[in-house]
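In the numbering used here, the protein residues as written are 1150 to 1720.
Glycine is no exception: its CB is placed at the ideal position from the N, C-alpha and C atoms.
Take a look at the structure:
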């Protein structure tokens, strides 16, 4: 609805604020390392309170871009331990007066029982126009919401990356399917314009900026929607944990669209400043601008701190429970260079009771350390961050090798853009070094003995020598292989691009999926193992290289080793 310049008009300025990829950082406390943590919704709350005082509550709108229910242990505690009260994520967001939230892919990994409770506990709408019921094709949750602020009608459309079936088994999203994100945007913008006549159209998306994801899913589509789908004024997005503030031109109508992403960890918010002229007959947008704002300088408001003080104490007690003891530390980085305690531990908990021939394990970290001494529940979050389940699948020997080739190709892609590694794909950020390949893609195998020849080209590095029990390995035989549910659903393309299976073929190979997650099995291992814990040797693989390549590999490892450990080794 447009304002007529003949009407009596007034100028209205609105501030739209977004958080995204909170990953359980509600309280600004790192329960894994038992110390204060950067960011946190407490600091965001303090910032938003100030904006509401400055601009007026009637002129501020607060959104979240998804991935809130999984990450820090306080989220786990709310999901699976404290199930009788209002979910912590909902309580915090209700307290902060969020106006709209969108589902993220990690919000599905907690399972129906948890996210359905969260939905019911939330006082603002949780959106997802392309989250559809298999029974009738209708949205599982509200597709959009209309917010009226001082005479300005703001339509907010929620969408999520459709790539969830690539990461999670169907049990997490049973009864649901995920529609094409671009097509859904086009469909719903048309409906909203016709039925609601909004003055401002906002996209609230859990999808990255651009580039198609693995296995044909359009995982990251925010920029594509902004340029190809007419109607949006502002698109807030997330998922890729990369802050962004820029304008793009829509090809259909020639208008600019603001693209804003606060990034992860809640150290920053993204905000759009919208100026409208409002009259008795409607409103018209005159100007818009966007920016990313740090909240780090804002102390947590006393009301927020008091409200969650007891919850914080309860979570600290939970993660501080002793479950075992180690006589030697676990260094995650060792996993990538040969047999290691972390690799052996992951394979042990995956293979126990599963009647499997082979295990594919992948770490969810590459630089964590669990020190010798007491092992507490918090240490298991350090070793395994998310609630992946275990899948038992059927793979041929040839597919086993293909999966390993895919993984080691990713690890050793030193020629990748931006890589500073000599053998491995390593990137440098502010003089800190990280694996360029996503660590959950980097599997090792147990149950077989194999070599990875670094002098060979990609696709020809892996040579499987025999089974761990000494019997010959058969490339034509079908094996029972345990994998985490992320890899087993197609994550990283390990079993699709590597083993050359379609997602449909992969789903047909699943024999069973466990009820309990891998971290719970790690906790069981320490509780059931006589102190001090002895981790059985499960892995038997090695790199093969010439002298020059070996020197380069050692140089790469030295880049990845934490400075404190390097100094200790050099003493």
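| request: Tell me, please, whether the stretch 1573–1583 touches the stretch 1671–1688 by the rule of three or more beta-carbon pairs shorter than 8 Å. | output: no
| message | Could you give the first and the last residue of the continuous beta strand (DSSP E) run that contains residue 1462? | response | For the purposes of this step, residue 1462 is taken as residue 313 along the chain shown, with counting starting at 1. No beta strand (DSSP E) holds residue 1462; the alpha helix (DSSP H) holding it covers 1451–1468.
| message | Let me make sure I understand the geometry here. Which of 1160, 1176, 1664 and 1199 has the alpha-carbon closest to that of residue 1454? | response | Mapped onto the chain shown, residue 1454 falls at position 305. Nearest C-alpha to residue 1454: 1176.
| request: Give the single residue among 1185, 1165 and 1172 whose Cα lies nearest to the Cα of residue 1465. | output: One-based indexing of the chain shown puts residue 1465 at position 316. Ranking 1185, 1165 and 1172 by Cα distance to residue 1465 puts 1185 first.
| said: Once the 5 residues before and after residue 1551 are set aside, which same chain residues still bring their CB inside 8 Å of it? | reply: For the purposes of this step, residue 1551 is identified with residue 402 of the chain shown, where counting begins at 1. Same-chain partners within the cutoff: 1647, 1648 and 1649.
| message | In the DSSP output, which residue or residues are listed as bridge partners for residue 1434? | response | Position 285 of the chain shown, counting from 1, holds the residue named residue 1434. Answer is 1425, bridged to residue 1434.
| field | Rounded straight-line distance, which links the Cα of residue 1544 to that of residue 1643 | value | The sequence position of residue 1643 within the chain shown is 494, counting from 1. The sequence position of residue 1544 within the chain shown is 395, counting from 1. C-alpha separation (whole angstroms): 12 Å.
| query | When burial is assigned at 16 or more other CB atoms within 10 Å of the CB, is residue 1436 buried or exposed? | reply | Position 287 of the chain shown, counting from 1, holds the residue named residue 1436. By the neighbour-count rule (16 or more Cβ atoms within 10 Å), residue 1436 is not buried but exposed.
| request: Give the straight-line distance between the Cα atoms of residue 1412 and residue 1541, rounded to the nearest whole angstrom. | output: In the chain shown, the residue the question calls residue 1412 occupies position 263. In the chain shown, the residue the question calls residue 1541 occupies position 392. Rounded to whole angstroms, residue 1412 to residue 1541 spans 35 Å at the Cα level.
| task | Determine the direct distance from the alpha carbon of residue 1470 to that of residue 1717, and round the result to whole angstroms. | result | As a first step, residue 1717 is located in the chain shown; it is residue number 568 there, counting from the start. As a first step, residue 1470 is located in the chain shown; it is residue number 321 there, counting from the start. Confidence at residue 1717 is low in this model, with a pLDDT of 44, below 50, so its placement is unreliable and the value that follows should be read with caution. Spanning the alpha carbons of residue 1717 and residue 1470 requires a straight line of approximately 29 Å.
| task | Drop a sphere of 10 angstroms on the beta-carbon of residue 1614, count the other beta-carbons inside from all chains shown, and report buried for 16 or more, exposed for fewer. | result | Here residue 1614 is taken as the residue at index 465 of the chain shown, counted from 1. Exposed, by the Cβ-count rule.
| field | Residue environment, residue 1578, which counts as buried when at least 16 other CB atoms sit within 10 Å | value | Residue 1578 sits at position 429 when you count from the first residue of the chain shown. Label assigned to residue 1578: exposed.
| Alpha-carbon to alpha-carbon, residue 1337 and residue 1345 | For the purposes of this step, residue 1345 is taken as residue 196 along the chain shown, with counting starting at 1. For the purposes of this step, residue 1337 is taken as residue 188 along the chain shown, with counting starting at 1. Distance from the CA of residue 1345 to the CA of residue 1337, rounded to the nearest whole angstrom, comes to 11 Å.
| request: Going by DSSP, name the residue or residues bridged to residue 1292. | output: In the chain shown, the residue the question calls residue 1292 occupies position 143. Beta-bridge pairing links residue 1292 to no other residue.
| By a C-beta neighbour count over all protein chains shown, 10 Å radius and 16 as the cutoff for buried, is residue 1423 buried or exposed? | Position 274 of the chain shown, counted from the first residue, corresponds to residue 1423. Under this definition residue 1423 is a buried residue.
| query | Using the rule of at least 16 other Cβ atoms within 10 Å of the residue's Cβ for burial, across every protein chain shown, is residue 1221 buried or exposed? | reply | As a working mapping, residue 1221 is identified with position 72 in the chain shown. Looking at its Cβ environment, which holds 16 or more other Cβ atoms inside 10 Å, residue 1221 is buried.
| message | Let me confirm a value: residue 1618 is counted as buried when at least 16 other C-beta atoms fall within 10 Å, else exposed. Which label applies? | response | Here residue 1618 corresponds to residue number 469 of the chain shown, with the count starting at 1. Classification of residue 1618: exposed, given that the 10 Å Cβ count is below 16.
| query | Taking the C-alpha atoms as reference points, what is the distance between residue 1161 and residue 1427? | reply | In the chain shown, counting from the first residue as 1, residue 1161 sits at position 12. In the chain shown, counting from the first residue as 1, residue 1427 sits at position 278. Cα-Cα distance, rounded: 7 Å.
| field | residue 1443 versus 1661, 1342 and 1196, residue with shortest Cα-Cα distance | value | To locate residue 1443, count along the chain shown from 1; it is residue 294. Taking only the C-alpha atoms, the option nearest residue 1443 is 1196.
| request: May I ask you to report which of helix, strand or coil DSSP gives residue 1223? | output: The residue given as residue 1223 occupies position 74 in the chain shown. Helix, per DSSP.
| request: Would you list the one or two residues that DSSP bridges to residue 1627? | output: Locating residue 1627 in the chain shown gives position 478, where the first residue counts as 1. 1545, per the DSSP bridge assignment.
| message | Once DSSP output is grouped into helix, strand and coil, what is the label at residue 1719? | response | Counted from its first residue, the chain shown places residue 1719 at position 570. Here residue 1719 scores only 43 on pLDDT, less than 50, and its place in the model should not be relied on; the value that follows carries that caveat. In the structure shown, residue 1719 falls within a helical segment according to DSSP collapsed to helix, strand and coil.
| Top-ranked residue by Cα proximity to residue 1696, from 1604, 1687, 1709 and 1414 | Position 547 of the chain shown holds residue 1696. Nearest option by C-alpha distance: 1604.
| query | Just how far apart, CA to CA, sit residue 1440 and residue 1291? | reply | Counting from 1 along the chain shown, the entry for residue 1440 is found at position 291. Counting from 1 along the chain shown, the entry for residue 1291 is found at position 142. If you take the alpha carbons of residue 1440 and residue 1291, they lie about 28 Å apart.
| message | Within the continuous alpha helix (DSSP H) that includes residue 1394, where are the two ends? | response | Residue numbering aside, residue 1394 sits at position 245 when the chain shown is read from its first letter. No alpha helix (DSSP H) holds residue 1394; the beta strand (DSSP E) holding it covers 1393–1398.
| said: So, at 8 Å on beta carbons, what are the nonlocal neighbours of residue 1486 in its own chain, with the 5 sequence-adjacent residues on each side left out? | reply: What you label residue 1486 is simply residue 337 of the chain shown in a count that begins at 1. Within the same chain, residue 1486 has close Cβ partners 1692, 1702 and 1706.
| field | Contact check, residue 1687 vs residue 1503, beta carbons under 9 Å | value | Within the chain shown, the letter at position 538 stands for residue 1687. Within the chain shown, the letter at position 354 stands for residue 1503. It is not a contact, given that the beta carbons lie outside the stated cut-off.
| task | Please work out which residues of its chain come closer than 7 Å, Cβ to Cβ, to residue 1414, disregarding the five sequence neighbours upstream and downstream, and give them in chain order. | result | For the purposes of this step, residue 1414 is taken as the residue at position 265 of the chain shown. 1174, 1187 and 1188, listed in sequence order.
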